[in-house]
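Asks: Below you'll find the structure I mean.
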Amino acid sequence: MQMSRLFAPTLKESPQEAEIVSHSLMLRAGLIRQVSAGVYTFLPLGLRTLDKITNIVREEMNRAGGQELLMPALHPADLWKETGRWQVYGPELIRFKDRRERDFCLGPTHEEVITDLARKEIRSYRQLPLLLYQIQTKFRDEIRPRFGIMRAREFLMKDLYSFDRDVEGLKESYEKMYRAYCRVFERCGLEYKAVPAESGVIGGDVSHEFLILAESGEEKLMVCQSCSYGTTREEEVCPQCQTHLEEKKGIEVGHIFQLGTKYSEPMKAYFLDRDGKEKPLVMGCYGIGIGRTMAAAIEANHDDKGIRWPVSIAPYEVAVIPVNSKKESHREQAEKVYRALLEQGFEAVIDDREASAGYKFNEADLIGFPFQVIVGEKAEKGGMLEIKIRRNGERIEVSQEGVIQLLRELKKNHGETREP
RNA sequence: CGGGGCGUAGCGCAGCCUGGUUAGCGCACCUGCCUUGGGAGCAGGGGGUCGGCCGUUCAAGUCGGCUCGCCCCGACCA
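What follows is the structure, encoded as C-alpha cells:
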C-alpha cells in the first residue's frame, strides 16, 4: 500500500472526547471514527487489526474443534420470552416492533438462538460434544458507552457455545476453551490473566474472566509472581505456591461460563442419551470481545509517540520510508525494497508522500508499524539501509541484500505469534 | 437514570462574565517558491446556519428558557 493512497486520516492533536490512551490513539492514528455514542466506523487500518485478531480467534476456535456458523442479529422476542430474559434483561436489550407489531430485539448474546437451533437439530448423544461459534456484531444499549470502542453499544464479539451430554463433558469442553483462550491472547502478543469470576446475568456455576494486564485497566486483580495464579478476591498469599500476591489492573476481554442446563431446560433442548433416556443438553458459553481486545492491546502497548503494535496484530508489518521522496535514489531504492517485501509475503506500506522526513517518521510511530525500513543518506553512499524496531526503538543497519532476511528474523523474534 | 462538564472551520482552542464594525488564533487543507534524518519556511488563498428552536433587545456567538448531541464519575458488561 502506498501511504499517499492510504485512507488513514491522522490527527496531530487528541480530540477532546478521548479520555483514555487507546481511544485517543485510535482516533489519532486513523483507525476509527465515531458515528454516535458507542457506535464506531472502523477505517482501513483499524479494520486490518480487527481482522487479524478475528483470524487468530477463528484459527484457535477451529483448532479446539469449534465449527463456525453465523446467527442473525435480529431476534424474535418469542425466544427471549421462553427463557424469561425478555423480562430480566432490562433496557440494555434493544427492542422494537416490526411492521406487524411483532416484538423483536437486536441480539446482545445468542444463548436463546443457539439453543433453539440445538433443540431442533440435536437428537442423539452421538452428535455430542458439539462446539459452535460465530464472530458477529452484538448490540447492547449500554447505560453509558465509554472509552471509545472499549465499551460500545455495537461491537464485534466471538461467542462459542458448547453442548455436552453431561457435566463431565462440559468440564472437558470448558478446559479446551480455557486453553484455546490462552493461545489466542498469547498469539496476540498480550500479557493476560485468567481469573475465577462471578457469572452475572448469563448464569451458570463456574466461570473465568480473561484480563489483559494494563495500567489503565478498570478491574483490580491479584497476581502471583511465581506461578500463573490470579484472582479478583483479596488474598494475600497464593494458595498454590504461598508466594505473596501482587496487585495489578486488567481489562476484561474474554469470559467463559459453564452454563449447565440453564437454557436447555426451559427451552426443552433435549437429546437421547445412550441409556435411552431423554436429557437436557449441558451447555457452556465462551465470549471474546474483538474490538475490546484491540483497544486493550493499545492500552498495554503504547508510548508517547503512539501505538506499539505486537507484530501479529499490527495493521501492516513494515513501513518503507524514503527520507526524501524527491530524491530519485531514495525513491528507487525504497521502491525496490518495498516490492521485494511484497514478493516475500510481508505486509508492507511505502511512504511515497512528499512530506518531510520528520513528518513521516512521526506518523509511522503513531500508527505503530512494528518495523520501519529507512532509506536515506547511507543508502546513497554505501547502499546501507536502516531498520527501526518500533517496540524498543532499536536501529539496525543492513545492506540491501540482507534486508529481507533480517526482517524475517526480527519478525520471528519480535512476533509473539506462537505457532504451535 | 443521578451527579458534573462541553458544543464557535476537519482537529485543538480564544471570544461570552461586561451584547455593538467584516467572529479570531494554531494545526490541517488548496496554489506557488523553497525545503526533506524526527510533525520545516515564506507568500497568497478557500472553508463558519457560533449544535438547534423560542424569547429579551434598536442590536445576540455573548443574556434567558427549552431542546438535541457529546464527554466524564456511579450501578452493569465482551
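Number 419 marks the last residue of the first sequence (numbering that gives the first Met the number 0); no jumps. From the three backbone atoms N, C-alpha and C, an ideal C-beta is built for every residue, glycine too.
1. Please give me, in chain order, every unbroken run of the beta strand (DSSP E) with length at least 3 that falls completely inside the region 97 to 145.
2. Just reading off the alpha helix (DSSP H) that F184 is part of, what are its end residues?
3. My output table needs one value for K192: the three-state DSSP class, helix, strand or coil.
4. From the DSSP output, which residues share a beta bridge with I429?
5. Given this structure, state the Cα-to-Cα distance separating R27 from D165, to the nearest angstrom.
6. Okay, do the region 268 to 276 and the region 243 to 256 touch, 3+ Cβ pairs below 8 angstroms being the bar?
7. Please name the residue in R273, V317, E316 and Q332 whose C-alpha comes closest to that of N323.
8. Use the C-beta contact count for R417: other C-beta atoms within 10 angstroms, 16 or more gives buried, fewer gives exposed.
9. What is the DSSP secondary structure of M149, reduced to helix, strand or coil?
10. What do you reckon, are the CB atoms on M70 and H22 nearer than 8 angstroms?
11. What three-state label does DSSP hand E415 in the structure shown?
12. How about A179 and A295: are their beta carbons less than 8 angstroms apart?
13. Exposed or buried, which one is V87 when buried takes at least 16 other CB atoms within 10 Å?
14. Here's the rule: buried if 16 or more other CB atoms are within 10 angstroms of the residue's CB, otherwise exposed. What is Q224?
15. How far does the beta strand (DSSP E) with G253 in it reach, from first residue to last?
16. By the three-class DSSP mapping on this structure, what secondary structure does P14 have?
17. Can you name the start and end residues of the alpha helix (DSSP H) that Y337 belongs to?
18. Got a sec? Which residues, its chain only, sit under 8 angstroms from T422 by beta carbon, not counting five neighbours each side?
19. Determine, using beta carbons only, whether V317 and A356 come nearer to each other than 8 angstroms.
20. Which of helix, strand or coil does DSSP assign to E235?
21. Please tell me whether P128 and F103 are closer than 8 angstroms, where the distance is taken between their beta carbons.
22. Out of curiosity, what's the CA-to-CA distance linking T9 and I395?
23. Evaluate N412 with the Cβ neighbour count: other Cβ atoms within 10 Å of its Cβ, from every protein chain shown; 16 or more gives buried, anything less gives exposed.
24. Is DSSP giving P279 helix, strand or coil here?
25. E243: which of V222, G253, S263 and R232 sits nearest, CA to CA?
26. In terms of alpha-carbon separation, which member of D115, R57 and N54 lies closest to T82?
27. Hey, quick one: how far does the alpha helix (DSSP H) through F360 stretch, first residue to last?
28. With 16 other CB atoms within 10 Å as the buried threshold, where does N391 fall?
29. Determine the direct distance from the alpha carbon of G89 to that of N300, and round the result to whole angstroms.
30. From Q33 to F138, what does the alpha carbon distance come to, in whole angstroms?
Replies: Let's see:
1. Secondary structure remark: continuous beta strand (DSSP E) runs of at least 3 residues inside the region 97 to 145, in chain order: 102 to 105 and 129 to 138.
2. As a working mapping, residue 184 is identified with position 185 in the first sequence. DSSP places F184 in the uninterrupted alpha helix (DSSP H) bounded by V166 to R186.
3. Walking along the first sequence from the start, residue 192 turns up at place 193. In the structure shown, K192 sits in a strand (DSSP, three-state: E or B).
4. Any question about residue 429 goes unanswered here, given that the chain covers just 0 to 419.
5. Translated into the one-based positions of the first sequence, residue 27 becomes position 28. Translated into the one-based positions of the first sequence, residue 165 becomes position 166. About 50 angstroms.
6. No, because fewer than three Cβ pairs between the region 268 to 276 and the region 243 to 256 fall closer than 8 angstroms, the two stretches do not touch.
7. Residue 323 sits at position 324 when you count from the first residue of the first sequence. For the set R273, V317, E316 and Q332, the Cα lying nearest the Cα of N323 is the one of Q332.
8. If you number the first sequence from 1, residue 417 lands on position 418. The predicted position of R417 is uncertain, since its pLDDT is 48 and thus under 50; a value taken from the coordinates is nonetheless stated next. Looking at its Cβ environment, which holds fewer than 16 other Cβ atoms inside 10 Å, R417 is exposed.
9. In the first sequence, counting from the first residue as 1, residue 149 sits at position 150. Correct three-state label for M149: helix.
10. As a first step, residue 70 must be located in the first sequence, where it is residue number 71. As a first step, residue 22 must be located in the first sequence, where it is residue number 23. At a Cβ-Cβ threshold of 8 angstroms, M70 and H22 do not count as neighbours.
11. For the purposes of this step, residue 415 is taken as the residue at position 416 of the first sequence. Bear in mind that the predicted position of E415 carries a pLDDT of just 49, short of 50, making it too unreliable to give a figure here.
12. Within the first sequence, residue 179 is the residue found at index 180, counting from 1. Within the first sequence, residue 295 is the residue found at index 296, counting from 1. Cβ distance not < 8 angstroms, so A179 and A295 don't count as in contact.
13. Working through the first sequence from its first residue, we reach residue 87 at position 88. Exposed.
14. Residue mapping note: residue 224 aligns to position 225 of the first sequence, counting from 1. Looking at its Cβ environment, which holds fewer than 16 other Cβ atoms inside 10 Å, Q224 is exposed.
15. Within the first sequence, the letter at position 254 stands for residue 253. L244 to G259 is the span of the beta strand (DSSP E), which, as asked, contains G253.
16. One-based indexing of the first sequence puts residue 14 at position 15. In this structure, P14 counts as coil in the three-state DSSP scheme.
17. To locate residue 337, count along the first sequence from 1; it is residue 338. Note, Y337: alpha helix (DSSP H), E327 to E342.
18. The question about residue 422 has no answer here: the residues shown for the chain are numbered 0 through 419.
19. As a first step, residue 317 is located in the first sequence; it is residue number 318 there, counting from the start. As a first step, residue 356 is located in the first sequence; it is residue number 357 there, counting from the start. Taking 8 angstroms as the Cβ cut-off, V317 and A356 do not qualify as a contacting pair.
20. For the purposes of this step, residue 235 is taken as residue 236 along the first sequence, with counting starting at 1. In this structure, DSSP gives E235 a state outside helix and strand, which the three-state scheme calls coil.
21. Taking the first sequence and counting its residues from 1, the one referred to as residue 128 is at position 129. Taking the first sequence and counting its residues from 1, the one referred to as residue 103 is at position 104. No Cβ-Cβ contact shorter than 8 angstroms links P128 with F103.
22. Locating residue 9 in the first sequence gives position 10, counting from the first residue. Locating residue 395 in the first sequence gives position 396, counting from the first residue. Cα-Cα distance, rounded: 27 angstroms.
23. Here residue 412 refers to the residue found at position 413 when the first sequence is read from its first residue. So N412 counts as exposed.
24. Within the first sequence, numbered from 1, the residue matching residue 279 stands at position 280. Reduced to three states, the DSSP call for P279 is strand.
25. What you label residue 243 is simply residue 244 of the first sequence in a count that begins at 1. In the sequence on display, residue 243 carries His and not Glu. That would be V222, whose Cα lies nearest to the Cα of H243.
26. If you number the first sequence from 1, residue 82 lands on position 83. Nearest option by C-alpha distance: D115.
27. For the purposes of this step, residue 360 is taken as the residue at position 361 of the first sequence. Per DSSP, F360 belongs to the alpha helix (DSSP H) from A356 to I366.
28. As a working note, residue 391 is residue 392 in the first sequence. With fewer than 16 other Cβ atoms within 10 Å, it is exposed.
29. Reading the first sequence from its first residue, position 301 is the one you call residue 300. Reading the first sequence from its first residue, position 90 is the one you call residue 89. Cα-Cα distance, rounded: 36 angstroms.
30. Within the first sequence, numbered from 1, the residue matching residue 33 stands at position 34. Within the first sequence, numbered from 1, the residue matching residue 138 stands at position 139. Using only the alpha carbons, I get a separation of about 16 angstroms.
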